[in-house]
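Here the structure comes first, spelled out in C-alpha cells, and everything after it is commentary.
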Amino acid sequence: MKWMKRTAALGAAALLALSLAACSGGNADETVAAALEKVKSASSLDAVIEIAAEYTSEDQDLSVTNRMNLTTFQEPLKIKAEVALDMASGEDTFNQTITMYAQREGEELVQYATDGSYWAKQTTTQEVLDTYNAGDTLSDYLAGASGFRNSGTETVNDAQAVKYTGSLSGKPLVDILEANGYLESISSMSEDQQSKIKADLEGMPAAEIAVWVDQAGYLVKMEMDMLKVIDNMEASIDETLGHPGTTDEEAASELVSSVIRMTCANFDAATEFEIPAEALEAEDLTAAGQDGSAGESGETAVE
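Quick look at the structure:
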C-alpha cells in the first residue's frame, strides 16, 4: 500500500507541474511575456521590491537592504509605498523609513510623504508615479531578457509556481545598472571613460534572471543575482582608471552577495488603505518645488 501512496503522490506532483508549465503555452519566453501582461493588467496589487547586498571584512560584516513595500490601485489611482533602508554591522544598526501616498484629486496628482517627523504634500506628475508601477518595473527588467527555460517548481506566496531562468545582457543590462544607481560611481569620470565602461558592460557575459509564474498565470517573483555583474563592472572601472585589480581597501572589504528581487501578490485584491488625515492636512510644498527647492522631478522632499 505504501508504494501505491508514493506513486499516487508522485503522479499528483507531476500533473501539478504539467499544469503549471502549461499556463500560457509551451514556449517559456511566451509564458513569461504573458505572465508579465497579466501583472500589468491587474486593477490592484501588492508588491515588494528589494535590493540587498552583503560585505565581509576581517573586522566585521555589513548588510545593506533597500526595500519598498508597495500597494497600488489603478481606478481610481491610489498608491502607498513604504521605502526602508536597513544597515547592520555587528551590533550596530541603522534604519530609515519614508512613507509615501499618492492619489488623483480632480485633475491633479497629489503626493504625500513623511519620514516619521512631519508630513509634506505636493502635486506631482504621472512620470513620477510611474516609478511606483510594479508592472512597469518588471517590464524594465524583462525588456531585454530571453532564453527562458523551465527550472522546476517552488513555493512563492504560499503557492506553487514554475521557475523560469533566462539571461540578460547588452544595453538592457546596462540600463538596469544605471536605473538602480550602480553606475553613480562613474558619473564624475570623463565622457570617454564612462563610454568605455558602459561598452565593456554591454559586452560582458549575460547575467542570469529568474522569474516565477503561478498556476493562475501571474508573474509572482523576479530575482537577479548581481554579484558577477558588479565584479565585472568594478574590473572595468579599475582597468579604465589604471588601478590595480584589487586595492588594499577592497581587499579589506569584499562584496559577497548582491541581489535584486521583486514579489507581487493579491492581484485585483490589494490591501486596502486610507491616506491619514494628518497627511491630507499637510503643508502644500508645490510652490516651493516649482522654485527648485524640492527638486526637478516633482518628488516630495522629506529630510
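Residue numbers (mature numbering (1 follows the signal peptide of the UniProt record, and there is no 0)): -28 to -1, 1 to 275. Note that the Cβ used here is the ideal one computed from N, Cα and C, for glycine as well. Nothing here was measured: the structure is a model prediction, and the numbers come from that model.
Taking the DSSP output, what are the residues bridged to residue i?
i	result
residue 285	No answer is possible for residue 285: it lies beyond the span of the chain, which begins at -28 and ends at 275.
residue 72	53 and 85
residue 176	Paired residues: none, contrary to the question.
residue 186	133
residue 108	The partner list for residue 108 (beta bridge, DSSP) is empty, contrary to what the question assumes.
residue 254	Looking at the DSSP assignment, residue 254 forms no beta bridge with any residue, so it has no partner.
residue 97	The partner list for residue 97 (beta bridge, DSSP) is empty, contrary to what the question assumes.
residue 227	27
residue 59	36 and 66
residue 92	85 and 255
residue 118	139
residue 18	43 and 237
residue 232	23 and 196
Residues in the same chain with beta-carbon distance under 6 angstroms from residue i, minus the five sequence neighbours each way, listed in chain order, please.
i	result
residue 93	84, 254 and 256
residue 196	181 and 232
residue 277	Nothing in the structure corresponds to residue 277, since the chain is present only between -28 and 275.
residue 154	none
residue 226	28
residue 56	39 and 69
residue 172	208
residue 67	58
residue 116	140 and 144
Roughly how many whole angstroms lie between the Cα atoms of residue i and residue j?
i	j	result
residue 210	residue 127	41 angstroms
residue 247	residue 73	7 angstroms
residue -1	residue 245	36 angstroms
residue 10	residue 21	18 angstroms
residue 102	residue 212	35 angstroms
residue 42	residue 105	9 angstroms
residue 168	residue 158	11 angstroms
residue 3	residue 184	10 angstroms
residue -8	residue 124	Below a pLDDT of 50, predicted positions are generally treated as unreliable, and residue -8, at 43, falls in that range; the measurement from the model is reported next regardless. Near 9 angstroms, if we compare the C-alpha coordinates of residue 124 and residue -8.
residue 230	residue 110	18 angstroms
residue 174	residue 141	7 angstroms
residue 51	residue 44	5 angstroms
residue 137	residue 40	24 angstroms
residue 150	residue 165	15 angstroms
residue 203	residue 179	12 angstroms
residue 198	residue 205	10 angstroms
residue 170	residue 112	18 angstroms
residue 176	residue 134	28 angstroms
residue 200	residue 152	16 angstroms
residue 90	residue 252	12 angstroms
residue 234	residue 86	24 angstroms
residue 243	residue 249	19 angstroms
residue 35	residue 114	27 angstroms
residue 48	residue 156	36 angstroms
residue 71	residue 118	35 angstroms
residue 75	residue 54	15 angstroms
residue 100	residue 26	30 angstroms
Run the CB neighbour count on residue i, radius 10 Å, all protein chains shown included, and call it buried at 16 or more, exposed below.
i	result
residue 228	exposed
residue 162	exposed
residue 208	buried
residue 186	buried
residue 7	buried
residue 96	buried
residue 18	buried
residue 214	exposed
residue 88	exposed
residue 259	exposed
Quick one: residues in its chain with C-beta nearer than 7 angstroms to the C-beta of residue i, no 5 flanking neighbours on either side, listed in chain order?
i	result
residue 37	22, 24 and 58
residue 120	-1, 1, 4, 136, 137 and 138
residue 98	81
residue 46	15 and 16
residue 122	-8, -1, 134 and 136
Under 8 angstroms Cβ to Cβ from residue i, same chain only, skipping five residues before and after it: list those, please.
i	result
residue 32	61 and 62
Answer yes if the segment 142 to 149 comes into contact with the segment 75 to 94, meaning at least three C-beta pairs across the two stretches below 8 angstroms, and no otherwise.
-> no
- [ ] Would you check if the segment 60 to 68 and the segment 229 to 247 touch, i.e. whether three or more CB-CB distances between them fall below 8 angstroms?
- [x] no
Contact the segment 122 to 140 vs the segment 191 to 207: 3+ CB pairs below 8 angstroms: yes
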